[in-house]
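Under UniProt numbering, the residue at position 148 of the sequence shown is numbered 148, and the numbers go up by one with no gaps. Heads up, the thing below is written out as structure tokens.
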Amino acid sequence: MKKLGLFGGTFDPIHNGHLHIARAFADELGLDTVVFLPAGDPYHKDTSRTPAKHRMAMTELAIADDERFAVSDCDIVREGATYTFDTVQIFRQQFPQTKLYWLMGMDSLLQLHTWSRWQSLVKLADIAVAARGSDQLNHAPKELHEWLGRALQEGSLHLLKAPLSNISSTEIRKKARAGESMAGMVDRRVERYIAQHGLYRGS
């Protein structure tokens with residue numbers, strides 16, 4: 001059975017930390033493909049997020065060298081609010097014989113109980129978490145306790161063992177605004193794209 005990882009985010013911009021985590025997920029879980037899912041433009045007015053067309057283009061540039069990586073505009077083309085459950089359901093319908101993994105950070109996991117239809121979501125896909133250890137699970141809200149215990153026992157919750165990156169999109173945007181080099185933080189093609197399109201200059 002093929003294994004597909006779904007990696008959602010604003011990717012504003014996508015950086016080497018995202019790529020590092022995606023490769024670590026692919027290696028540890030044996031994923032055939034990791035699909036990057038840039039978030040769409042907010043359905044309520046929010047000028048702080050770079051337009052989706054630019055974030056999509058930067059993601060395409062950043063992942064070009066890894067044959068295991070792909071990008072989807074699934075969350076961009078949908079109108080209105082987009083929910084993770086709906087996204088995963090679309091992929092489940094498209095790939096009924098594929099094992100799905102939703103890739104996320106520990107902060108997101110600890111908020112999972114606030115997500116729309118989260119209990120249905122975890123039936124559609126395994127959850128894989130970029131974590132600095134399992135100790136943080138001790139701080140999980142009580143709404144997640146029963147599911148966490150069951151998921152860990154069943155093996156449907158996976159904690160990434162690889163070290164995490166400290167690169168942040170916020171820091172990259174600050175460097176872009178100041179005209180500073182982003183070498184080592186983003187793919188060189190992404191850095192060129194940011195410069196060519198004058199992104200983050202006014203942010």
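From the three backbone atoms N, C-alpha and C, an ideal C-beta is built for every residue, glycine too.
| Asked | Found |
| --- | --- |
| Where do the N-terminal and C-terminal ends of the alpha helix (DSSP H) with Leu-148 fall, by residue? | 142-154 |
| Going by C-alpha to C-alpha distance, which of Asn-16, Ile-21, Arg-173, Ala-195 sits closest to Arg-132? | Ile-21 |
| Name, in chain order, the residues that DSSP records as bridge partners for Lys-123. | DSSP lists no partner for Lys-123. |
| When you compare only the Cα positions, how much space is there between Gly-5 and Ala-26? | 8 Å |
| What do you reckon, are the CB atoms on Lys-2 and Leu-29 nearer than 8 Å? | no |
| Rounded to the nearest angstrom, what separates Asp-32 and Arg-177 at their Cα positions? | 37 Å |
| Would you call the segment 9-17 in contact with the segment 161-170, where contact means no fewer than 3 C-beta pairs closer than 8 Å? | yes |
| Sorted by chain position, which residues of the same chain lie with C-beta nearer than 6 Å to Leu-191's C-beta, five sequence neighbours on each side aside? | Looking at the sequence itself, residue 191 is Glu, so the reference to Leu does not match. The residues are Met-182. |
| With distances taken from CA atoms, which of Ala-125, Leu-124, Lys-123, Ala-162 is nearest Ser-134? | Ala-162 |
| For Asp-73 versus Met-56, is the C-beta distance shorter than 8 Å? | yes |
| Determine, using beta carbons only, whether Met-106 and Val-129 come nearer to each other than 8 Å. | yes |
| Which residue or residues does DSSP assign as beta-bridge partners of Phe-69? | Val-34 |
| Taking just the CA atoms, how far does Arg-49 sit from Arg-117? | 26 Å |
| Quick check on DSSP: helix, strand or coil for Leu-4? | strand |
| Contact defined as beta carbons within less than 8 Å: I believe Pro-38 pairs with Phe-69. What is the distance between those atoms, to the nearest angstrom? | So it is not a contact: roughly 13 Å between Cβ atoms. |
| Expressed to the nearest angstrom, what Euclidean distance is found between the alpha-carbon atoms of Gly-202 and Gly-40? | 21 Å |
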